[in-house]
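Taking it in order: structure first as structure tokens, then the write-up.
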Amino acid sequence: MDMFEGKALSWKRHGATIELVLHREPCNEIGSEMLDELERVADALEKPDPNARSVLIYSRVAAGFSAGADLRELYRGIQSLDTEARKDGVRSFLNRIHRVYNLIDSSPLIAVAAVHGVVFGGGFELALTCDMIVADRTARFCFPELRLGLIPGFGGVPRLKRDLGNSIVRDLILTGRSISANKAASVGLVSQLVAPGKVLRVARGVIAQVEKVDRDATAAAKQFIKPIPYGELQEEIRLFCELIGRPAVETALRNFVEDTSPQPYLP
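Numbering (our numbering), first residue to last: 37 to 303.
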């Protein structure tokens, strides 16, 4: 399939590049609608177009790349469920999102995320599945989940540990604070830092360079330098499901949903 136009995202192949565009207002929250359409991306990646070499993921929403999981939908979904049903429902959602993220992570296609603005939670985790992150200076990265009594659940902890040193991993996870694009570049999270408005042009330039390299060699190199931490990813799902059953989490989610500030996800 060369193109898809959905409510939350779209993609189209331009030459050897599949450009995946997130466009769900207000900030590409990842709920059931976004997941349904991401699964169509995953289905395409399982049998990639032989003419494709790369994937470029970016947002056309002004607020940023993605604010992460749709917490309002999560709160509505767990309200009427007992503890075990709550865990089962969340586990099913997490297994689905992990399948998508793992396929992007392990695909022989080279994936580049071009990010700006908010890059939080599950959106940050999506960027971490990519081989390179190009960021403009407006980008801020954050895992706010501990503020809700949870941990990142879309694969963030194992992938962050794989890519960065323990000190910055603990800082991001345990404090829930956001870091700037400058800080992200200084610790090696971001491969290139660019002026606002230039991120797509630079990311496409990176992809043009990637596509000059032998396809089989890049696929082999990716397997070698970017192993998928499957065991830790499964443990993350288990821990998240244990935490979601606590009353404190429901209270924190209710407080979030009732917050009337324009962007309650911003720390």
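All C-beta atoms, glycine included, are put in the ideal place defined by N, C-alpha and C.
Source: prediction; values computed, not measured.
Original post:
In its own chain, which residues sit with a C-beta less than 8 Å from the C-beta of P303, not counting the 5 before and 5 after it?
Top reply: Because the pLDDT of P303 is 46, which lies under 50, any placement of that residue in the model is unreliable, and the number read from its coordinates should be weighed accordingly. So the qualifying residues of the chain are C178, P180, R183, G212, R213, S214.
**OP:** Work out the CA separation of D199 and R49 for me, nearest whole Å.
**Re:** Approximately 28 Å between the Cα atoms of the pair.
**OP:** Whole angstroms is fine: what's the gap from W47's alpha carbon to K83's?
**Re:** 16 Å
**OP:** Starting from D172, trace the beta strand (DSSP E) both ways and give me its first and last residue.
**Re:** 168 to 172
Original post:
Closest by CA to A121, which one among D295, I280, V293?
Top reply: The shortest CA-to-CA distance from A121 to any of D295, I280, V293 is the one to I280.
Original post:
Can you name the residues that DSSP bridges to N66?
Top reply: Residue identity check: residue 66 is Ile in the sequence provided, not Asn. A105, per the DSSP bridge assignment.
**OP:** Please work out which residues of its chain come closer than 8 Å, Cβ to Cβ, to V155, disregarding the five sequence neighbours upstream and downstream, and give them in chain order.
**Re:** A distance below 8 Å between beta-carbons, with the five flanking residues on each side excluded, links V155 to the following residues of its chain, in chain order: G100, F101, S102, A163, A171, A175, R176, F177, C178.
**OP:** With a 10 Å radius around its C-beta and 16 neighbouring C-beta atoms as the bar for buried, classify S203 as buried or exposed.
**Re:** S203 should be labelled exposed.
Subject >> Proximity to K197 [Cα-Cα], best of G224, G185, E75 >> reply: G224
Original post:
Where V293 and R251 are concerned, what is the direct C-alpha to C-alpha distance, given to the nearest angstrom?
Top reply: 46 Å
Subject >> Any 3 or more C-beta pairs closer than 8 Å across the region 72 to 80 and the region 126 to 140 >> reply: yes
Subject >> Proximity below 8 Å, CB of L145 to CB of V91 >> reply: Contact: yes.
**OP:** Return the Cβ separation of I273 and L130 in integer angstroms, given the expectation that the two are a contact with Cβ distance under 8 Å.
**Re:** 5 Å
**OP:** Tell me where the beta strand (DSSP E) around S95 begins and ends.
**Re:** 90 to 95
**OP:** Have a look at the DSSP bridge pairing and note the partners of I243.
**Re:** DSSP lists no partner for I243.
**OP:** Classify E272 as helix, strand or coil using the three-state DSSP reduction.
**Re:** The three-state reading of DSSP puts E272 in helix, counting H, G and I together.
Original post:
Do you know offhand how far D124's Cα is from K248's?
Top reply: Those two C-alpha atoms are separated by around 46 Å.
Original post:
Where does R176 sit, in a helix, a strand or coil, going by DSSP?
Top reply: The answer is strand: DSSP assigns R176 an E or B state.
Original post:
Between which two residues does the alpha helix (DSSP H) carrying H134 extend?
Top reply: 119 to 142
Original post:
Is the beta carbon of T165 sitting closer than 8 Å to the one on A147?
Top reply: yes
Original post:
In this structure, what does DSSP give as the bridge partners for Q228?
Top reply: V170
**OP:** Using a threshold of 8 Å, state whether the C-beta atoms of I276 and I209 are closer than that.
**Re:** Per the sequence shown, residue 276 should be read as Phe rather than Ile. No.
Subject >> K304 versus A239: straight-line alpha-carbon distance, rounded >> reply: Residue numbering for the chain in the displayed model covers 37 to 303; residue 304 lies beyond these limits and cannot be assessed.
Original post:
Going by C-alpha distance, which of S142, A221, F160 is nearest R173?
Top reply: A221
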